[in-house]
Every structure is written in structure tokens, then in C-alpha cells.
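K.L.:
Top to bottom, those sequences are chains A and B.
Quick note, in numbering that gives the first Met the number 0, the first sequence goes up one by one and the last residue is 264.
Quick note, in numbering that gives the first Met the number 0, the second sequence goes up one by one and the last residue is 259.
By construction, the Cβ of each residue, glycine as well, lies at the ideal position given by its N, Cα and C atoms.
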Amino acid sequence: MSIRIISALVLRYLFLYTRTPMRLVELVFWPLVDLVVWGNVTVFIQKNSDAEFGGFILFFLGAMILWDVLFRAQQGVAISFLEDVWTRNLLNVFVAPVRTVEYLSATFFVGFLRILVTCVVMGLVSWIGYSFNIFQLHWWLVPFFLNLMVFGWSLGMISTALILRWGQAAESLAWAVPFFIQPVVAVFYRVEDMPAWSQPFAWLFPATPIFEGMREVMKTGTMNWNHLWLAAGLNVIYLTIAGWLFVWVLNMTRKRGLLTKFATQ
Amino acid sequence: MSDAPDTREVILEARELTREFDGVKALDRFSFTLHRGEVLGLLGANGAGKTTAMNCLLGLTLPTSGDLFAFGLPLQANRIKILRRSNFSSAYTALPGNLLVWQNLLVFARIYGVPNPKKKIAELLELLEIPHLNKRVTGQLSAGESTRVNLCKAFLNDPELLMLDEPTASLDPDIADKVRKVVRKVQRERNIGILYTSHNMRDIEEVCDRVIFLHKGKIVCEGTPADIVAQSSSDNLEDVFIKIARDGEILDEPKKDPAS
Ligand SMILES: Nc1ncnc2c1ncn2[C@@H]1O[C@H](COP(=O)(O)OP(=O)(O)OP(=O)(O)O)[C@@H](O)[C@H]1O
Ligand SMILES: [Mg+2]
Chain A
0 MSIRIISALV LRYLFLYTRT PMRLVELVFW PLVDLVVWGN VTVFIQKNSD
50 AEFGGFILFF LGAMILWDVL FRAQQGVAIS FLEDVWTRNL LNVFVAPVRT
100 VEYLSATFFV GFLRILVTCV VMGLVSWIGY SFNIFQLHWW LVPFFLNLMV
150 FGWSLGMIST ALILRWGQAA ESLAWAVPFF IQPVVAVFYR VEDMPAWSQP
200 FAWLFPATPI FEGMREVMKT GTMNWNHLWL AAGLNVIYLT IAGWLFVWVL
250 NMTRKRGLLT KFATQ
Chain B
0 MSDAPDTREV ILEARELTRE FDGVKALDRF SFTLHRGEVL GLLGANGAGK
50 TTAMNCLLGL TLPTSGDLFA FGLPLQANRI KILRRSNFSS AYTALPGNLL
100 VWQNLLVFAR IYGVPNPKKK IAELLELLEI PHLNKRVTGQ LSAGESTRVN
150 LCKAFLNDPE LLMLDEPTAS LDPDIADKVR KVVRKVQRER NIGILYTSHN
200 MRDIEEVCDR VIFLHKGKIV CEGTPADIVA QSSSDNLEDV FIKIARDGEI
250 LDEPKKDPAS
């Protein structure tokens, strides 16, 4: 694995973002809209409930921000790949001495950068606009952030594999995949509030213990370490499976001779 | 040239390369060698299998059967090592359109680990007579301009092996002529082995030392362009091309096996 190659690929995305400011708008604009909607909902609920619950309900904003960590990481991988497809650059990359792991690492890093931009903006707005300080999560933020980012990468690889398999017609999966799982990973509500039959499914995803943990930390200042271990363990499994799936699909496209068709259509 | 065996190092070799798509053979036991410093033209009608051959040789498409070697190494197991010493350009790929020309070239220079990339890029732009395009948006270039930028990318890593798939497609005769001359010049200076496809016979006659005619994935004949014209009952390469494309044979009644 070569840092030089990864940084060269990252440089390409940085050039892209500076050349096309519209991409930055998307990074900042949508999260803001989301945040304002949920922020206003929170204010509304706060005004119509007792003080204790009113303070706790701020978890909506925490959930919004953490959800965006996952979503941006996934987008970093999936959209970076699509950028190469849209610009017919994929072949140039595949005939260059770039290993799959280097290519993926570059997209991971782009995911990380996207998260930074979005989170800084959302963190500031939620603090100034709704007096929600994301740093009330203290050091817990670090494992939350890492776990959600890694899960986002896995989802990104899965989305990309699906797009490779089904062609550009499946492009919208790049945006849709995270939302397929949003209902079951308990972003805005507790697992115990979900229908009983669906609760076991919730614990199959590493995001669930993180969102549960976030609410716990906001309420009690600490959380069950077992939740963190569960998230980390599940992440290892997801990352392995997603990486394997991506490589498998890539080889299959090579075998079927579809890689070049895909890259030049 | 055709009588004396070529003693230069073989840098690319296909042995019985076969590639099927849904049971149809796009390449049928295709074997050839390319030597260091040689330009080998791959000719044939639309669908003859030229691009498929190149894609297999680049590792983009896996062969159904057969063996591929570059620089004496089996291709699949040494893909990255081989790609470091090779490059590719075609009329069908593009560099990201929203970046500036120098940005694109810099990214690829870094990927290929070019020492002193800025200097190298300036040299190549000079060589292809396009220094003025340096700060242009890649996507706004004309076909001829972007072909030359693509060629810059292909020369970045001083490849020993270069694959060019229809590099002159969509170029006007003047620019096509310039591109041919530059390719030939760089190729001679650096002793590059080039696999070259084109539908332009002028291209082939000027650039290629040797050509292989493919028809439905099989070799119909090979030799220097002059040899091939001499072997056939035609006056020029273009007529040979048309003959092979229509009949799959070089002669009306085959007198000898031209491929031997
Ligand atoms: N991915 C694919 N799936 C199915 N068939 C394919 C695929 N790629 C190529 N083929 C078929 O293989 C044959 C050879 O195609 P190829 O692109 O190699 O031709 P070519 O010689 O490059 O033609 P052209 O001069 O038009 O570029 C064609 O019949 C084509 O339809
Ligand atoms: Mg072709």
C-alpha cells in the first residue's frame, strides 16, 4: 500500500471540490436543512413538555449530527467512485498501478474529510441556534465518530459494489443505501420503542449501539462499554464482508468483461 | 525485416488468447509477440477484437483461456508491477473534465511516482505542442486537444510499453499527422514498444513497423505493411483492409499461408 498513490487520488478529489463549489454546497446545505427542521421540532417539543424531558429531547440534534457522520462517510466512498464513472476516468485509474486497497483508502479519506466539513458546520449551527453542544458527549465522541465512520465506509463499499454489479442504472443506490437501514438502527428512538419483532434486527448493525449509547451518555453522562465493544466487533465483520464483496464484484466485472463497458459508456 | 528474426527483448506476449462473450469468441486463440522498440498495429473491422485484446492485455478483462506475459512476467499475478512500466490511451477514455489540464496531469504524475512532476509535465506539453492548454478546463478541450492531453498522460511515466486504442480517432488530418509524428518521435527516442490500433491506414503505414490483421478474433495475416500489400492482390493497405473485412481472407484464392 503506497501513501503516495493514496494522496495522489485524494488530491484529485480535492481539486474537484475546489473546481466545483456546487459540491461543497451539497455538503453543507442539506445537513443544514435537516438540522433546522429537527432543531425546530426539538424546540416545539421542549416548549410542550417538562424541563427534564425537554433537556433530554436535544438528542434529536445529536442524532442528526451523528447520522451525518455515517452518511458522509458512506458518500465519500460511493460518490468518489461515481465521480470517476461520470468523468470517464475509471479506466485511467484501473490501468494505473493503483491497488484496490489504495483506491478504497483514498475514498475512505475523502469520506473523513467530508465528515469534518459537515460536522463542523452542523456542530456550530446546533450550538449557536439551538444551544446544543455536541461536546457534551465529551470523549465518548471519539469512539462514536470512529465507529460510525467505519460503518459508513462499509456501506459505501456495499453501495459501490451494487452499482458496479447493476450498472449506472443503480446509481441512486449511492444515496439510498444508508436510508435502507435508518429505520432499524435506532437513530431517533430507542430500540425498546421499536416493534418487538424488529428489535433483534436492530442489534445486527454497528450503528445501533452507538445511537443507544449517545442517548445514554446525554442522559447519564456515561454508557455501557459493552455497547462500544459490540459496535467495534460488528464493524470488523462489516468491513471484512463489504471489502470482500467489493473485490469479488470487481473481479466478476473483469471476468464478464463489463468493467470497460461500464467505464466508457 | 520479416526474414531475419527479431532479436530484441519480447516485452508483451499473448499465447492462444481466447475471450468469449456469451459463447461468441471475440478473440480466438490469438497469439503474438511485441518487441522492445517495436510498433505493432492491430487492424481489423469493427468488432474484430482489437479493443478486447487490449483490455485483456491491460488486465481490465480476464481472458477465457490463454496466457499473457509482459516483460516476461505472467500478467495477472504481476499486474501492478507491469502497469508501472506501461501506459494506455484511447479516444474513449477521458481525464476528469472538471479539472484543469495541469491538475489532471499532476494527479497522474503523482500516481506514477514521476520525480519532479512539474518539470516533466512542462516538457511533455512542450513536446505535444500544447503548453498553452496547461490552465484550460479539461472538459472544454476539443477532441484533438484532449487526445494530445491524454497522450501526455500516457507518456508521464516514461512507459516501456504503450497501448494506444485508436489514438487518432476524431482528429483532423493535420492534427492526426502531428500526433503520429510525436508518437513516432517519442517512441524512437525512448525505444518504447507500442501496440496500436487504428482505422486510418495512413496512420498504420506511417507509425507501425509490423501489423496484424484480425478477423472475428483470428489472425488473418501479419507482416510489415509493405509485405502485406505485396502478399495480397491489392494495391494498398486500405484495399487489403476492405478485402479482409468482407471476405475474412487476404487473397481471392489463397496461395500460401501468410501467417507462417
Ligand atoms: N463486454 C462485452 N460483452 C459482450 N460482447 C462484447 C463485450 N465486449 C466486446 N464484445 C464483443 O466482442 C467483439 C469484439 O469487440 P471489440 O470491441 O474488441 O472490437 P474492435 O475490434 O475493437 O472493434 P472497433 O473497431 O469497433 O473498435 C464484438 O463482437 C463485441 O460485440
Ligand atoms: Mg475498438
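1. Can you give, in chain order, each stretch of the alpha helix (DSSP H) that sits fully within the stretch 20-61 of chain A and has at least 4 residues?
2. Consider the C-beta atom of residue 168 (chain B) and the heavy atoms of ligand 1; say whether any pair is separated by less than 6 Å.
3. Is residue 66 (chain B) helix, strand or coil when you go by DSSP?
4. What does the Cβ neighbour count give for residue 0 (chain B), buried or exposed, with the cut at 16 atoms within 10 Å?
5. Does the contact criterion of 3 or more C-beta pairs under 8 Å hold for the stretch 82-102 of chain B versus the stretch 134-147 of chain B?
6. Which word fits residue 254 (chain B), buried or exposed, when buried means at least 16 other C-beta atoms lie within 10 angstroms of its C-beta?
7. For ligand 2, which residues have a Cβ under 7 Å from at least one heavy atom, in chain order?
8. Please determine if the stretch 42-49 of chain B and the stretch 209-223 of chain B are in contact, where contact requires at least 3 C-beta pairs separated by less than 8 Å.
9. Using a beta-carbon distance cut-off of less than 9 Å, what residues from the stretch 138-156 of chain B approach chain A?
10. Looking at chain B, which residues of the stretch 2-32 of chain A have a Cβ within less than 8 Å of any of its Cβ atoms?
11. Which whole runs of the alpha helix (DSSP H) in the stretch 120-167 of chain B are 4 residues long or more, in chain order?
12. Name the DSSP beta bridge partners of residue 194 (chain B), please?
13. Need the endpoints of the beta strand (DSSP E) that residue 27 (chain B) sits in, please.
14. Closer than 6 Å to a non-hydrogen atom of ligand 1 - does that hold for the CB of residue 256 (chain A)?
15. For chain A, is any of its Cβ atoms less than 7 Å away from the one on residue 93 (chain B)?
16. With 7 Å as the threshold, decide whether the Cβ of residue 260 (chain A) is near any Cβ in chain B.
17. Name the residues in the stretch 202-230 of chain A whose C-beta lies less than 7 Å from a C-beta of chain B; which are they?
18. Measure how close the beta-carbons of residue 192 (chain B) and residue 171 (chain B) come, nearest whole angstrom, since I'm counting them as under 8 Å.
19. Take residue 160 (chain B) as the anchor and find which of B:231, B:239 and B:185 has the nearest alpha-carbon.
20. Is residue 95 (chain B) helix, strand or coil when you go by DSSP?
21. Assuming residue 124 (chain B) and residue 130 (chain B) form a contact by the criterion Cβ under 8 Å, report the distance between their Cβ atoms to the nearest whole angstrom.
22. In angstroms, rounded to a whole number, what distance separates the CA positions of residue 180 (chain B) and residue 56 (chain B)?
23. Hey, would you say the C-beta of residue 47 (chain B) is under 6 Å away from at least one heavy atom of ligand 1?
24. So which of B:8, B:89 and B:70 has the shortest CA-CA distance to residue 165 (chain B)?
25. Strictly under 7 Å for the Cβ-Cβ distance: is residue 75 (chain A) near chain B by that measure?
26. Measuring from the CB of residue 260 (chain A), is there a heavy atom of ligand 1 at a distance below 6 Å?
27. Strictly under 7 Å for the Cβ-Cβ distance: is residue 248 (chain A) near chain B by that measure?
28. At 9 Å on the CB atoms, spell out the chain A contacts of residue 196 (chain B), in chain order.
29. Straight-line CA distance for residue 66 (chain A) to residue 9 (chain A)?
30. May I ask you to report which of helix, strand or coil DSSP gives residue 255 (chain A)?
31. Check whether the Cβ atoms of residue 147 (chain A) and residue 34 (chain A) sit closer than 7 Å, and answer yes or no.
32. Give the DSSP bridge partners of residue 88 (chain B), in chain order.
33. What does the Cβ neighbour count give for residue 73 (chain A), buried or exposed, with the cut at 16 atoms within 10 Å?
34. So, helix, strand or coil for residue 211 (chain B), using DSSP?
35. Considering Cα atoms alone, identify which of A:182, A:30 and A:82 is closest to residue 117 (chain A).
36. For residue 259 (chain B), count neighbouring Cβ atoms within 10 angstroms of its own Cβ and tell me buried if that reaches 16, exposed if not.
P.N.:
Reading it off the structure:
1. 21-46 and 50-55
2. As a first step, residue 168 (chain B) must be located in the second sequence, where it is residue number 169. No, the beta carbon of residue 168 (chain B) sits no closer than 6 Å to any heavy atom of ligand 1.
3. Here residue 66 (chain B) refers to the residue found at position 67 when the second sequence is read from its first residue. Under the three-state reduction of DSSP, residue 66 (chain B) is assigned to strand.
4. By 1-based counting over the second sequence, the position of residue 0 (chain B) is 1. Reliability of the predicted coordinates at residue 0 (chain B) is poor, the pLDDT of 47 falling under 50, and no value is obtained from them.
5. yes
6. To locate residue 254 (chain B), count along the second sequence from 1; it is residue 255. Summary for residue 254 (chain B): the model assigns pLDDT 47, below 50, so the residue's position carries little reliability, and this model does not support an answer.
7. B:49, B:50, B:164, B:165 and B:196
8. yes
9. 138, 149, 152 and 156
10. 3, 4, 6, 7, 8, 10, 11, 14, 15, 18 and 19
11. 142-154
12. Working through the second sequence from its first residue, we reach residue 194 (chain B) at position 195. The partner list for residue 194 (chain B) (beta bridge, DSSP) reads B:39 and B:162.
13. In the second sequence, counting from the first residue as 1, residue 27 (chain B) sits at position 28. It spans 23-34 - the beta strand (DSSP E) in which residue 27 (chain B) sits, taken as one unbroken run.
14. Within the first sequence, numbered from 1, the residue matching residue 256 (chain A) stands at position 257. At least one heavy atom of ligand 1 is nearer than 6 Å to the Cβ of residue 256 (chain A), so yes.
15. Translated into the one-based positions of the second sequence, residue 93 (chain B) becomes position 94. Interface residue, yes.
16. Within the first sequence, numbered from 1, the residue matching residue 260 (chain A) stands at position 261. So no, residue 260 (chain A) is outside the interface.
17. Nothing from the stretch 202-230 of chain A brings a Cβ to less than 7 Å from some Cβ of chain B.
18. As a first step, residue 192 (chain B) must be located in the second sequence, where it is residue number 193. As a first step, residue 171 (chain B) must be located in the second sequence, where it is residue number 172. Not quite, the Cβ-Cβ distance comes to about 28 Å (not below 8 Å), so this is no contact.
19. Locating residue 160 (chain B) in the second sequence gives position 161, counting from the first residue. Of B:231, B:239 and B:185, the residue nearest in Cα terms is B:185.
20. Counted from its first residue, the second sequence places residue 95 (chain B) at position 96. Correct three-state label for residue 95 (chain B): coil.
21. Against the second sequence, residue 124 (chain B) aligns to sequence position 125. Against the second sequence, residue 130 (chain B) aligns to sequence position 131. Sure, about 5 Å apart at Cβ, within 8 Å.
22. Numbered from its first residue, the second sequence carries residue 180 (chain B) at position 181. Numbered from its first residue, the second sequence carries residue 56 (chain B) at position 57. It is roughly 25 Å from the alpha-carbon of residue 180 (chain B) to the alpha-carbon of residue 56 (chain B).
23. Taking the second sequence and counting its residues from 1, the one referred to as residue 47 (chain B) is at position 48. At least one heavy atom of ligand 1 is nearer than 6 Å to the Cβ of residue 47 (chain B), so yes.
24. Your numbering for residue 165 (chain B) matches position 166 in the second sequence. Closest by alpha carbon: B:89.
25. For the purposes of this step, residue 75 (chain A) is taken as residue 76 along the first sequence, with counting starting at 1. It does not: the Cβ of residue 75 (chain A) has no partner Cβ on chain B nearer than 7 Å.
26. As a working note, residue 260 (chain A) is residue 261 in the first sequence. Residue 260 (chain A): yes, Cβ under 6 Å from ligand 1.
27. For this step, residue 248 (chain A) is matched to residue 249 along the first sequence. No, residue 248 (chain A) lies away from the interface with chain B (no Cβ there is under 7 Å from its Cβ).
28. Numbered from its first residue, the second sequence carries residue 196 (chain B) at position 197. Within chain A, no residue comes near residue 196 (chain B); the closest Cβ sits about 14 Å away, beyond 9 Å.
29. Translated into the one-based positions of the first sequence, residue 66 (chain A) becomes position 67. Translated into the one-based positions of the first sequence, residue 9 (chain A) becomes position 10. Those two C-alpha atoms are separated by around 24 Å.
30. One-based indexing of the first sequence puts residue 255 (chain A) at position 256. Reduced to three states, the DSSP call for residue 255 (chain A) is helix.
31. On the first sequence, position 148 is the one that residue 147 (chain A) refers to. On the first sequence, position 35 is the one that residue 34 (chain A) refers to. The answer is no: Cβ separation not under 7 Å.
32. Within the second sequence, the letter at position 89 stands for residue 88 (chain B). In DSSP, residue 88 (chain B) forms a bridge with B:163.
33. Here residue 73 (chain A) is taken as the residue at index 74 of the first sequence, counted from 1. Answer is buried; the Cβ neighbour count reaches 16.
34. Here residue 211 (chain B) refers to the residue found at position 212 of the second sequence. Residue 211 (chain B): strand per DSSP, three-state reduction.
35. Here residue 117 (chain A) is taken as the residue at index 118 of the first sequence, counted from 1. Looking only at A:182, A:30 and A:82, the smallest Cα-Cα distance to residue 117 (chain A) is reached by A:30.
36. To locate residue 259 (chain B), count along the second sequence from 1; it is residue 260. Unreliable positioning characterises residue 259 (chain B) in this predicted model, as indicated by a pLDDT of 45, which lies under 50. The coordinate reading is nonetheless provided below. Burial call: exposed.
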